[in-house]
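Chemist: Handing you a structure now.
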């Protein structure tokens, strides 16, 4: 029935009543009558859906072919109720998802409960990570396959009613895909072609008369190799699977008991084979399949086996022998593999360039490298030892067999540079993938480092007294649940003192407030409070005395804690103020921050609290800049005032490296209370990909590191959107939003007083 005809009848039947269901057996009806009966059953649901949603009703009718199984099984009315429930809970998208799950709905009503992937993922994900020794994401999909970076698993499994059996089958399916990754079934080994567009197996399959049949034959040979590997690696799992497989593979029941899953699959194939070919052909096939089970076999053996077996049969016979792919084999998605491998190579290269350029920047100036040959173009693998003079990787005792547990180095301009463990691992991954480390990877990293080292005024630390050399800090990557080691280079830069009327104007503008703050801070210097019920003290505690007399009259032993003592607590506080100097602080924001620092510094002179003031800005991870305005040992004097005047907008707001640098400074400070106060006008962000959730999570991690070291962070922000992310970064009660920047100078000292009282 055409959709257009259905839609016309649909609009005609919205209001009038619909015919009753026929009660005649389908087998007794002519074909035309059967179609009309099915149409009427479907259209009978229109008045049920139409009042709820016109769009949903239209979607219901246009998915005619998908709904047919519900009519045939008699579950249409029950399913429509569930469809409407999904729509009311999640809208049209949820309803469309319900339509796509019709087969699972029918299976459920027929008693086949099965298992949902989301229910199994909690156990499957740690299992597969443990197998692989790394994280391999399990993702829901319509069909089973792998792109070698992740495994895509069916959303629901209803091969049997028992949920534990379904979980066992899920476990076998992901184990099989993991083994295919480990054994490189879909590996791309043409290392010389770094910009390939198709998978090499596409070319191999095209060499067969029927490329689909060629792919199935190769997949079957690989299945024998993979299950043999699993029989050896996971014998417990495979013994359990062996008892379940006959229920899903009927041909297995025609053979005697086998000891392994591999033997089961071989016997299934040979049972089909006996009815089609001679014993000589069977012997040849057995011989080739045996080579696939050898422990030294790789995917090239399966390719040779497929090439040898294919000419022995007609295409029609091979289709009958191989049948459809088994449920645990999955699909060969070569295009997905190509996309994943290209993305992995891109990321491996990026990580190597970033990590190696960072390492080069930490080397002394005696190690030289040039950016002249910083080509980013792929090059062919070296064909002669002379071509590798620039790059040497390996153990110094045996350069031909590098071992990551021993020193690994790269040679640039005859200078050996020892790699960190992370870099050695990255280099080994690239070598495993490509067969060598491309020279342009090293030259590009050297070029990046050379450009950064040659940037104007990038490292003035060596010239400024009391300013440290560049320091490298880790950066938190929430996606990998771990740190990017030695990722951000932090350098302290001198801020030029500026002579102007700014300080005098500020002192004049806020003279009344400064006088009041000085008085309040002076009172804070020595905190006094009474402690009651002491054995000795400065005065009598009359409440305690009355209670003691009452106890004595009642026959209880009286207390001897009858005095009040005046306790004077001396402050032991160290505070660092971290000031945002990004380009967004231009104008009134920057001026208000500077005025706030002047007021605070003037008031702090009445206290013995140790305090320092630092600004931060920068661009990208290799240029995170810290500007010491007042170190914790410095006195507040004219020079500090002129540095405050010199505070101005710079570049971006990569906040986490600055926080980690403050944590490092606090490590050398002894104090009862360590306080880090951050003045910022916006959320963390940088010129590169450092933004959004990534930047927020890295900053949050740096703040958690501060808390673990006994540092109490607090943020004062004027960002209007701060409520959306500040609570997540700092935690409740650890930040304040100032909605009027003009009020900032008066509020900062007040906030400090509250935090330290």
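Numbering (the numbering used here), first residue to last: 1083 to 1839.
Here a beta-carbon is modelled for each residue, glycine too, at the ideal position from N, C-alpha and C.
1. Under three-state DSSP, which class holds residue 1712?
2. Have a look at 1662, 1827, 1743 and flag the residue whose alpha-carbon is nearest the alpha-carbon of residue 1036.
3. Taking the alpha-carbon positions, what's the residue 1631 to residue 1640 distance?
4. Only counting the same chain, and skipping five residues up and downstream in sequence, which positions put a Cβ closer than 6 angstroms to that of residue 1664?
5. So what does DSSP say about residue 1590, is it helix, strand or coil?
6. At which residue ranges does the region 1206-1281 contain complete beta strand (DSSP E) runs of 3 or more residues, listed in the order of the chain?
7. Could you spell out where the beta strand (DSSP E) holding residue 1558 opens and where it closes?
8. Going along the chain, which residues of its own chain have a beta-carbon closer than 7 angstroms to the beta-carbon of residue 1638, five neighbours each way excluded?
9. Given this structure, state the Cα-to-Cα distance separating residue 1829 from residue 1573, to the nearest angstrom.
10. Apart from the five residues on each side of it in sequence, which residues of its chain come closer than 7 angstroms, Cβ to Cβ, to residue 1626?
11. Can you look up residue 1799 in the DSSP assignment and give me helix, strand or coil?
12. By Cβ distance below 6 angstroms, which residues in the same chain neighbour residue 1166 in space, the five residues on each side in sequence not counted?
13. Which residues does DSSP pair with residue 1570 in a beta bridge?
14. What three-state label does DSSP hand residue 1621 in the structure shown?
15. Could you tell me the distance, in whole angstroms, from the CA atom of residue 1768 to the CA atom of residue 1785?
16. Return the chain-ordered list of same chain residues with a C-beta closer than 6 angstroms to the C-beta of residue 1105, the five sequence neighbours on each side being excluded.
17. Just how far apart, CA to CA, sit residue 1441 and residue 1429?
18. Check for me: the beta strand (DSSP E) holding residue 1693 runs from which residue to which?
19. Once DSSP output is grouped into helix, strand and coil, what is the label at residue 1363?
20. Given this structure, state the Cα-to-Cα distance separating residue 1397 from residue 1290, to the nearest angstrom.
21. Where does residue 1514 sit, in a helix, a strand or coil, going by DSSP?
22. Among the candidates 1348, 1716, 1270, whose CA atom is the shortest distance from the CA of residue 1426?
23. Do residue 1757 and residue 1837 have their CB atoms nearer than 8 angstroms?
24. Heavy atom of the ligand ZN less than 7 angstroms from the Cβ of residue 1644, yes or no?
25. Which of helix, strand or coil does DSSP assign to residue 1598?
26. Residue 1735 bridges to which residues according to DSSP?
27. Of the residues 1741, 1730, 1690, which one's Cα is nearest the Cα of residue 1580?
28. Helix, strand or coil for residue 1125 per DSSP?
29. Output needed for residue 1373: all residues of its chain with C-beta closer than 7 angstroms, excluding positions within five of it in sequence on either side, in chain order.
30. Check the C-beta distance from residue 1260 over to residue 1214 and give it rounded, since I have them as a contact under 8 angstroms.
31. Use the C-beta contact count for residue 1310: other C-beta atoms within 10 angstroms, 16 or more gives buried, fewer gives exposed.
32. With residue 1513 and residue 1505 assumed to form a contact (beta carbons below 8 angstroms), what rounded beta-carbon distance in angstroms separates them?
33. For the region 1777-1784 against the region 1678-1693, are there 3 or more C-beta pairs whose distance is under 8 angstroms?
34. Taking the C-alpha atoms as reference points, what is the distance between residue 1350 and residue 1328?
35. With three or more C-beta pairs closer than 8 angstroms as the rule, is the region 1288-1308 touching the region 1235-1255?
36. Are residue 1304 and residue 1381 closer than 8 angstroms when you measure CB to CB?
Modeler: Based on what the coordinates show:
1. Three-state result, residue 1712: strand.
2. Residue 1036 is absent from the model: the chain starts at 1083 and stops at 1839.
3. Cα to Cα, the separation comes out at about 7 angstroms.
4. If you ignore the 5 residues before and after residue 1664, its C-beta comes within less than 6 angstroms of the C-beta of 1699, 1734, 1735, all in its own chain and listed in chain order.
5. Helix at residue 1590.
6. If we require 3 residues or more, the beta strand (DSSP E) runs fully inside the region 1206-1281 come out as 1219-1223, 1232-1236.
7. Segment 1553-1559, the beta strand (DSSP E) holding residue 1558.
8. None.
9. As the crow flies, the alpha-carbon of residue 1829 is around 31 angstroms from that of residue 1573.
10. Correct list, in chain order: 1614, 1615, 1641, 1643, 1644.
11. Collapsing the DSSP output to three states places residue 1799 in a strand.
12. Its chain contains 1134 as the residues whose beta carbon lies nearer than 6 angstroms to that of residue 1166, once the 5 sequence neighbours on both sides are disregarded; these appear in chain order.
13. Residue 1570 is bridged to 1555.
14. Correct three-state label for residue 1621: strand.
15. In this structure, the straight-line span from the alpha carbon of residue 1768 to that of residue 1785 is close to 18 angstroms.
16. Confidence at residue 1105 is low in this model, with a pLDDT of 39, below 50, so the placement of that residue should be treated as unreliable; the coordinate-derived value is given next. Once the five neighbours on either side are set aside, residue 1105 has no close Cβ partner at all.
17. Straight-line Cα distance between these residues: approximately 18 angstroms.
18. Per DSSP, the unbroken beta strand (DSSP E) holding residue 1693 starts and ends at 1692-1700.
19. DSSP places residue 1363 within a helical segment (H, G or I) once states are collapsed to three.
20. Within the model, the alpha-carbon separation for residue 1397 versus residue 1290 is close to 10 angstroms.
21. In the structure shown, residue 1514 sits in a helix (DSSP, three-state: H, G or I).
22. When each option's Cα is compared against that of residue 1426, the closest is 1270.
23. Cβ atoms of residue 1757 and residue 1837: closer than 8 angstroms.
24. In terms of ligand content, the structure shown is empty, and the ligand ZN therefore cannot be addressed.
25. In this structure, residue 1598 counts as helix in the three-state DSSP scheme.
26. Beta-bridge partners of residue 1735 (DSSP): 1767.
27. The residue from 1741, 1730, 1690 with its alpha-carbon nearest to that of residue 1580 is 1730.
28. Assignment of residue 1125 by DSSP, reduced to helix, strand and coil, places it in the helix class.
29. Exclusion of the five residues before and after residue 1373 leaves 1379, 1383, 1387 as the residues of its chain whose Cβ lies within less than 7 angstroms of its Cβ.
30. Residue 1260 to residue 1214, Cβ: 6 angstroms. Contact.
31. Only buried fits residue 1310, as 16 or more other CB atoms lie within 10 angstroms of its CB.
32. The Cβ separation is near 12 angstroms, so there is no contact.
33. Output reads no: the region 1678-1693 does not touch the region 1777-1784.
34. So the two alpha carbons sit approximately 10 angstroms from each other.
35. With contact defined as three or more Cβ pairs closer than 8 angstroms, the region 1235-1255 and the region 1288-1308 are not in contact.
36. In terms of Cβ geometry, residue 1304 and residue 1381 form a close pair [threshold 8 angstroms].
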